[in-house]
Each structure stands twice: as C-alpha cells, then as structure tokens.
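Protein chains in written order, with the numbering used here: chain U, 16 to 344; chain X, 21 to 276; chain S, 59 to 352.
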C-alpha cells in the first residue's frame, strides 16, 4: 500500500465546511444585530436559491454538455409540488422538508420522462426542444386551475406558508455545493464530462451516453426542484409568469458568467449577480430602473464575445477540489 | 477452433449508396491483421460496423462466438473490443489521466450515491482506477503528462494517449484506424515497435487500418485489401505485394 | 362548413405573416447554423418602422413597407457583423446564447420610454377595411393585401435564390462554406446579404402584422418569432419552401386550436408540434435525412 502525501492533510472539504459554518454564524449574527435588514435577508435567500438552481443547470450544460433552455419549468414543478404539499398537510418544518423532497423528486421524475426521448437531440435542437417544453409547461400552469383549483392558474397560487428562512437556504445551498463537488470529482463525474467532450468517443470507451445524459439531466433538474420548493415558501405566492422562458435565461446567465463546468464560478456568479441586480434596484433612481434590463443582456453578449469561459473558466477554488494540489502545476 | 472475430456477409447501405458489400473477415486470437485499400473503399465503415457505431444493413458479426451486430458501441467495448479513431478523438478538456481512467469507468461499481457520500468503496475504486490508468500511461511513456489537458499534448503523444485509453480496460481485440497518419518516419518506426510491444504485453489481437505500406508490410501477419466496398484480396504481406489485382487497384494508383 | 372555411382564411393570414419571419430564420440557419433568436425582434422593429412611416411621416402604404424592409435589412446586417461574426468559429451554443442576449437587448432597449416605450400603440390603417362575401365566408381587403404582399415577396425570394449569381452563391455557402470560399465566393458578403434579405422579409412581415392585428409593442416579436422558428423546423430547417409550408400549417393549426379547442392552449399545441417533429422527423416535412459521419 502506497501512502499519498496528500492524504495526511485535512480534507479540503472539511476546510470548506468549517469556513461555511463560520460564514453562517457571522451572517446570522449580522441579522440578529439588525445590520442585515429584512430586505437584504430576502436578497441573500434569493441568491442561495439561485445558486442551487444554477448548480443544477451547470451540471446539465457545463458538465454534461446538454444545453437546456427549459430549466425554469423544473424549478416551477418543484415550487408548485411543494406548495401543494405544505398547503395540504399544514405548515411546519417537517412538511417543508417533505415538500422540498417531493419537489425535487417530482422535478427529477418529469425530467426523466421528458429527458428519455428529448436527450437524443443534439446541440441547438435540444435547446429548442427544451424551450418548447418550458413554454408548454407554462401554458399548463396557466390552465392548472381547471384541474386543481388550489393552483390558481394564471392568477397565481397564494396562501403558501412563509417557511423558508436563512438557515434552510444555507443548509440546502451548502449541501448542493458539496454533493455537486463529490459528484463531479468522481468516476461518474468524469463519465458525464466525457459525454460533453465527445459523445461518440465516450460511447467508444464504454460510457452508456444515453444513461449519463439522462443522469446529469435528472440530477440537475432535481436541483431546480429543490430551489423551486425553497422559492415557493420564501415568497408565499407563485405565478406561472415566474417560471417562463426568461427565468430559464436568467439561470443560464449565472452559469455562463460564472463559467461552464465550474462550481466556484456558479457560487460567485449566483451571489454577485443577485446582489448586483437587487443592489441596482435600490441604488438607481426609479427613472432609470428600466436600464437594468438593458444592461443585463449586454453583459451576456460581452461575456460571450470576450470571455466565453466565464469568470472561472473551468477552474475551482482550492477548497472545492477533492484533493490537495500536487507539488507541480 | 473458432475465430475471435468472425464477420460474414456484411452489408452496409446508406440510402442508395452501398458502402460495404458481402464482406467477410476472420481474425484469430493473437493475430495482427491489416486492412488496406484506397480512400473510400469502406475500411472505416467496417470498423464502425464492428464497434457498433453503425448498424449493419445485413450480415453477422461474431465476437468470441457472440453476435454483436447492432449492439450499442459501449456494449461492444464492454465485451472487449476497443478502438482508436482516424482523426484522434480525445476528451480534450480532460487531463491525460482522466482520459484513461474514464475508459475504465464501466468496470466500476460505485455509483452516484457512493460518490456523493465518499464511501470506502468509492475511495478504493478511485484508487484502483488511478493505479490502473497510471500503469497504462507508464507503458506509453506518458506518466510525466498525467495532469496536462489532453488538448495540450503534441500530436504523437495524443496518438499514444488514445491507444492507452483503448487498452485500459483489458480489451481482447484492438482496432487501430490509421494510427500512423500524420507521423514522420521516425515516429512511424516507434509506432510499429509500440504496436508489436502492446500486442505481446497485453495478449492482444489487433486489426489495423493503414495507408502506409511500410507499417502494414512491417507488422501484419495477414492483410485484407478492400476496393469499392468489397474484399478483393487476402493473404500474407508478400502475397499481397505480388497480387496483380491489388497492384492494379491500389498500389498502382497510389504511393508504394 | 363556412365557419371552418372562415377559420382557414384567418389561419392562412397568420401563416403568411409567420412565413415572412420563418424565411429569415431558415435562410440564416441554412447558411451559418445559428438560431437567430433576435429575428423576432427585427420583425417587431419592422412593425414600428411601418408605424412611424404611416403615422408620423405620412408615407403611403407601399412605401411604408419599403422603409421597414430597408431599415430591418440594415439592422440585421449590423447585428450579424457586431454580435455573430466574431463567434463564427466558436461553439454553436455560444452564438446561440449571444443571439438570446441580442434579442433581450432589443426588446428591453426599445421598451425604454425614449425609444418605443412600453405602451402598446394602435397601428394606423392606411385604408378603410372592406369585407367581401364569398358564399357566406368573409374575406377582408386587409387579408387580401397580406396574402398578396407575402406571396409576391416569396416569389421574388425564390427567383432571387434560384436564378441570380448571388442566390447561387448563397446556396453554395450553405452547402459547404470552405469549398465556396475556395471557389472565390466572398463568404462574408454572402452571409451579410442573407441576414439582410431575411431581416427585410421580417420587416415586411412586421408591417403586415400591424395592419392585420393593429396593436404593436416592443415584446410583440417574441412569440411570433418562436413560432416562426417552429414553422421553419416543421418544414425542414434551411429549406425555403419548407419554411413557407410549415408556416401555413402552423398558422392554420394555431387558429383551429383557438377556434375549436381553447385559445389558452394554442401555444402548447404549437410547441407540442415542435417536440413531436423533432422526435419523429427532425429533418422536417421537406428535409432529407442524413447520418453523422464518423
């Protein structure tokens, strides 16, 4: 048995958890002291939710190479499923947890059913098919009250308990990052990336590409489901409008800005972008608010033209790599 | 004794175009067989049919007595048929080590749950995969390169990496599609030695498509010649060299 | 029966508008393999140009169409040069994401108060609407104009692509860009011309849309744009007659869904068709199938 020098040092994951818990305590303290007012707490929660959803899309697109424009649809599935559950079972921590699990599971199930046929398509054909699925899903949500009156159709679903608090978002955000890290840096993760790199070559070295494409898609959509469930119980009101095509682009933008195939990138971009957008809302006078929506696509274009790899371009923070760096490099 | 690979009556048709017709090929255990012919003769199409990239229009492909025609490529690979590509297809944004490891993934058993929870089973398997991949890299002289991205390797090393990747999960049969393409004479000489070496070391059977006569005549025990999708000759290298049909179809119209 | 025929005419009207948008989608895709998401927004700009030409500058209707076509052609060429050309050799999805960015930019920029503004505007009718009865089925002069102008432009396009040197160059570039370049074709110019023509047709479509459904606003291009793309896929992406056929089918199916089933479901039906086509016959109704080369 050889011993790897690196194994004696503490696992970088352990460091990550320590740092994260420290950060959590700090943020909680700031809230207690009233430094972070409820508005910014809400923004912080939203950033965490965006992070979870964007990690899912990064797994689908950044790692597995399957371009999806329908991510918001799965976010919506998670949101509505969990809201229905907590409304039926009554509010409480237990039902919220159950709702999150159910939201994730249903989003994953829908992803599995739609993914099996659709993931055969390549590149922009897949993009347009997922886009179509997203639009269909929105139409179904708009008409949902015909089947389940509680869902409210196009006028929205209200009466959802406000159960999502910062500790919930934080715990799920942290778990999402760690699960993703462990998944990506594993044999399964390499199989996913091989599909992105060259589907035919992946098949030629024994990777069942259909299976791994579906796996990446299902897990990624499960992430969207978790994010949706947290979102539903943060705002206590759902409207199909929040899960349309533009929402899918929103998440895509975070993934692209941060960097395809980089967890660190998504982490930074989700938080920075949410705070920037909300920060501008507060900082800018009302008369120029509309400019936010002009700047937003410009950022997208500029990044694609000048830094297509995003901020992190497939690199990671040290603590998000499973092994300590080697001497060389 | 039945052949390791036994192709009979292979027909490949794309729309109205017949790419391969009535093709038969037997390769015995531990043989090194060459497949030659002018461009567009259907050699790569035969490879694609054997490895499952194409579904044969008709015919049978038996590997170790088992029918593999129409199986998906990853199934064919898992049964022990590995290949390289004419125009090198590495996972460019993966490291050299990862390129090789991923080709051994199918033998692993630690799935998503073990990976996410980092169980002992997962750790053992990762160690086994890395050790095995490093072994192959050492054989190919690439051990110093393991943390480089595949796209950053020079051409000759990319070729060797592709062979390392093809060998990592102990295939029985290796299909090499023009491995000497784009190499200089010195590299070609090295490649010929390498082919001989890995064949002995891993008890391999090799089927080789090649344009460079030096390689085919130098390493192959038996050579098949294709033209217009059909086999026109078969025999030992010196017989092929003397075959008038071959000279007319191939050697006469191209460099010797 | 008369109700059916009436809806058919309404569907064809919508279909012809889609066709003018879909042609640009299909030509651009055929030549640079890019889903130009901004195309629906070019259509919207065309509608506004027509609006200003009629309402502010008092131009006659045919000139309004010309203004919209010229303006949109310039816009289309500009977008291609600035946003897409630098990405021509990048992964296809990078260009696709850029196209979505351009689309959102045009929508939100024109939505600003000092540009077009978010308030919908009533499109002026340059002539009185007249209705002709044909055995119980009614057809308006607006519909006749939509049919006439659309058919005229499509015939013109077919002649251009089929008969002129530039048209031949376009077909050559869509077959094989590198070979076309070796044959002495200026590929950049051909691509610009393609964007220009496609955008001009969308501009004309915008004006026709304006007189047919007389209310315009900056987000009006999103759905017709997407549906025209679906129509192009349905007919066979990259194939000009396919885009026309697909568009007419889309217009009719959509109108029938509204008339016989439910108008809230019509978008779902449109995109349901898209997914079905992609799964069953991704090359579209008029496309030929081909397999990947290894």
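A virtual CB, placed ideally from N, CA and C, is assigned to each residue, including glycine.
Next on the checklist: Going by C-alpha to C-alpha distance, which of U:40, U:36, U:251, U:82 sits closest to residue 176 of chain U?
Outcome noted: Stepping through the first chain from its first residue, residue 176 of chain U is reached at position 161. The residue with the shortest Cα to Cα distance from residue 176 of chain U is U:251.
Next on the checklist: Residues in the same chain with beta-carbon distance under 6 Å from residue 81 of chain S, minus the five sequence neighbours each way, listed in chain order, please.
Outcome noted: Mapped onto the third chain, residue 81 of chain S falls at position 23. Here residue 81 of chain S has 259, 301 as same chain residues with Cβ atoms under 6 Å from its own Cβ, once five neighbours each way along the sequence are excluded.
Next on the checklist: Is it buried or exposed, residue 85 of chain S, if we count other Cβ atoms within 10 angstroms and call 16 or more buried?
Outcome noted: As a working note, residue 85 of chain S is residue 27 in the third chain. Answer is buried; the Cβ neighbour count reaches 16.
Checklist entry - Counting contacts by CB-CB distance shorter than 8 Å, is residue 89 of chain X in contact with chain U? => result Sequence index remark: in the second chain, residue 89 of chain X carries index 69 (1-based). Residue 89 of chain X is outside the set of residues whose beta carbon lies under 8 Å from a beta carbon in chain U.
Checklist entry - Between the segment 149–177 of chain S and chain C, which residues of the former have CB atoms less than 7 Å from a CB of the latter, in chain order? => result Absent from the structure is chain C; the protein chains it does hold are U, X and S.
Checklist entry - Is residue 350 of chain U helix, strand or coil when you go by DSSP? => result Past the edges of chain U, shown from 16 to 344, lies residue 350 of chain U, and the structure says nothing about it.
Checklist entry - Cα separation between residue 171 of chain U and residue 249 of chain U? => result Position 156 of the first chain, counted from the first residue, corresponds to residue 171 of chain U. Position 234 of the first chain, counted from the first residue, corresponds to residue 249 of chain U. Taking the straight line joining both Cα atoms gives about 15 Å.
Item to check | Simplified DSSP assignment, three categories, for residue 102 of chain S | outcome: Locating residue 102 of chain S in the third chain gives position 44, where the first residue counts as 1. Here residue 102 of chain S sits in helix by DSSP.
Checklist entry - Hey, residue 40 of chain X and residue 30 of chain X: beta-carbon distance below 8 Å or not? => result One-based indexing of the second chain puts residue 40 of chain X at position 20. One-based indexing of the second chain puts residue 30 of chain X at position 10. In contact: residue 40 of chain X and residue 30 of chain X (Cβ atoms closer than 8 Å).
Checklist entry - Are the beta-carbon atoms belonging to residue 110 of chain X and residue 181 of chain X less than 8 Å from one another? => result Locating residue 110 of chain X in the second chain gives position 90, counting from the first residue. Locating residue 181 of chain X in the second chain gives position 161, counting from the first residue. Yes, these two residues count as a Cβ contact at 8 Å.
Next on the checklist: Let's see if you can read the secondary structure: which residues bound the alpha helix (DSSP H) around residue 80 of chain X?
Outcome noted: As a first step, residue 80 of chain X is located in the second chain; it is residue number 60 there, counting from the start. Per DSSP, residue 80 of chain X lies in no alpha helix (DSSP H) segment; the continuous beta strand (DSSP E) that holds it begins and ends at 78–83.
Checklist entry - Hey, out of U:254, U:31, U:330, whose CA is closest to residue 159 of chain U's CA? => result The count along the first chain starts at 1 and reaches residue 159 of chain U at position 144. Among U:254, U:31, U:330, the Cα nearest to that of residue 159 of chain U is on U:254.
Checklist entry - Which class does residue 251 of chain X belong to by DSSP, given the choice of helix, strand or coil? => result Here residue 251 of chain X refers to the residue found at position 231 of the second chain. Three-state DSSP puts residue 251 of chain X in a strand.
Next on the checklist: Please identify, using Cβ separations under 9 Å, the residues of the segment 70–94 of chain X that lie next to chain U, in order along the chain.
Outcome noted: Against chain U - using a Cβ distance shorter than 9 Å - the residues of the segment 70–94 of chain X are 71, 72, 73, 92, 93, 94.
Checklist entry - DSSP on residue 343 of chain U, reduced to helix/strand/coil? => result Stepping through the first chain from its first residue, residue 343 of chain U is reached at position 328. Low per-residue confidence applies at residue 343 of chain U: pLDDT is 35, beneath 50, and the placement is therefore not dependable, though the value from the model is reported in the following sentence. Here residue 343 of chain U sits in coil by DSSP.
Item to check | DSSP-derived helix/strand/coil call for residue 65 of chain S | outcome: The sequence position of residue 65 of chain S within the third chain is 7, counting from 1. Residue 65 of chain S falls in the helix class under three-state DSSP.
Item to check | Buried or exposed by the 16-neighbour rule on C-beta atoms within 10 Å, applied to residue 264 of chain X | outcome: Along the second chain, read from residue 1 onward, the residue named residue 264 of chain X stands at position 244. Here residue 264 of chain X is exposed: its Cβ has fewer than 16 other Cβ atoms, across all protein chains shown, within 10 Å.
Next on the checklist: Tell me the rounded alpha-carbon separation between residue 303 of chain U and residue 339 of chain S.
Outcome noted: As a working mapping, residue 303 of chain U is identified with position 288 in the first chain. As a working mapping, residue 339 of chain S is identified with position 281 in the third chain. Distance between the alpha carbons of residue 303 of chain U and residue 339 of chain S: 47 Å.
Next on the checklist: Which of the three DSSP states is assigned to residue 142 of chain X in this structure?
Outcome noted: The residue given as residue 142 of chain X occupies position 122 in the second chain. It is helical.
Next on the checklist: Tell me the DSSP secondary structure of residue 178 of chain X in three-state form.
Outcome noted: By 1-based counting over the second chain, the position of residue 178 of chain X is 158. Helix at residue 178 of chain X.
Checklist entry - Along chain U, in chain order, which residues have C-beta atoms closer than 9 Å to that of residue 126 of chain X? => result On the second chain, position 106 is the one that residue 126 of chain X refers to. At a C-beta separation below 9 Å, residue 126 of chain X has these neighbours in chain U: 206, 220, 221, 222, 223.
Checklist entry - Taking three-plus beta-carbon pairs below 8 Å as touching, is the segment 203–211 of chain U in contact with the segment 48–58 of chain U? => result Flag = no, the segment 203–211 of chain U and the segment 48–58 of chain U do not touch.
Next on the checklist: Among the candidates U:213, U:311, U:153, whose CA atom is the shortest distance from the CA of residue 268 of chain U?
Outcome noted: Residue numbering aside, residue 268 of chain U sits at position 253 when the first chain is read from its first letter. Put simply, of U:213, U:311, U:153 the residue whose alpha carbon is nearest the alpha carbon of residue 268 of chain U is U:311.
Checklist entry - Can you find a CB in chain X that lies within less than 8 Å of the CB of residue 329 of chain U? => result Indexing the first chain from 1 puts residue 329 of chain U at position 314. So yes, residue 329 of chain U belongs to the interface.
Next on the checklist: At a CB distance below 7 Å, what residues from the segment 133–144 of chain S approach chain U? Give them in sequence order.
Outcome noted: Listed by position along the chain: 141, 144.
Next on the checklist: Please give the ranges of any beta strand (DSSP E) in the segment 139–223 of chain U, keeping only runs that are unbroken, at least 3 residues long and fully inside the region.
Outcome noted: DSSP assignment within the segment 139–223 of chain U yields no whole beta strand (DSSP E) run of 3 residues or more.
Next on the checklist: When you compare the CB of residue 266 of chain X with every CB in chain U, is at least one pair closer than 8 Å?
Outcome noted: As a working mapping, residue 266 of chain X is identified with position 246 in the second chain. It does not: the Cβ of residue 266 of chain X has no partner Cβ on chain U nearer than 8 Å.
Checklist entry - Using Cβ-Cβ distances below 8 Å, what residues of the segment 179–209 of chain U are close to chain X? => result 194, 197, 198, 201, 202, 203, 204, 205, 206, 208, 209: these are the residues of the segment 179–209 of chain U whose beta carbon lies less than 8 Å from some beta carbon of chain X, given in chain order.
Next on the checklist: So if I threshold CB-CB distances at 8 Å, which residues from the segment 283–297 of chain S count as touching chain U?
Outcome noted: Taken in chain order, the members of the segment 283–297 of chain S whose beta-carbon sits within less than 8 Å of a beta-carbon on chain U are 284, 287, 288, 291.
Item to check | Minimum Cβ-Cβ distance from residue 179 of chain X to chain U less than 8 Å | outcome: Position 159 of the second chain holds residue 179 of chain X. Residue 179 of chain X does not count as touching chain U.
Item to check | Cα-Cα separation, residue 337 of chain S to residue 173 of chain X | outcome: Taking the first residue of the third chain as position 1, residue 337 of chain S is located at position 279. Taking the first residue of the second chain as position 1, residue 173 of chain X is located at position 153. Taking the straight line from one Cα to the other gives about 39 Å.
Checklist entry - Apart from the five residues just before and just after residue 174 of chain U, which ones in its own chain have a Cβ nearer than 7 Å to its Cβ? => result Working through the first chain from its first residue, we reach residue 174 of chain U at position 159. Sequence-distant Cβ neighbours of residue 174 of chain U in its own chain, meaning closer than 7 Å and more than five residues away, are 102.
Next on the checklist: Just checking: is the beta-carbon of residue 157 of chain U within a distance shorter than 8 Å of some beta-carbon in chain S?
Outcome noted: Counting from 1 along the first chain, the entry for residue 157 of chain U is found at position 142. It does: the Cβ of residue 157 of chain U has a partner Cβ on chain S nearer than 8 Å.
Next on the checklist: So, with DSSP's three-state summary, where would you put residue 168 of chain X?
Outcome noted: On the second chain, residue 168 of chain X is found 148 positions in, with the first residue counted as 1. Here DSSP, grouped into helix, strand and coil, assigns residue 168 of chain X to coil.
Item to check | Beta-carbon spacing of residue 96 of chain X, residue 227 of chain X below 8 Å | outcome: Numbered from its first residue, the second chain carries residue 96 of chain X at position 76. Numbered from its first residue, the second chain carries residue 227 of chain X at position 207. Cβ distance not < 8 Å, so residue 96 of chain X and residue 227 of chain X don't count as in contact.
Checklist entry - If you measure beta-carbon to beta-carbon, which residues of the segment 99–133 of chain U are closer than 9 Å to chain X? => result Those residues of the segment 99–133 of chain U that come within reach of chain X (Cβ to Cβ, closer than 9 Å) do not exist; the list is empty.
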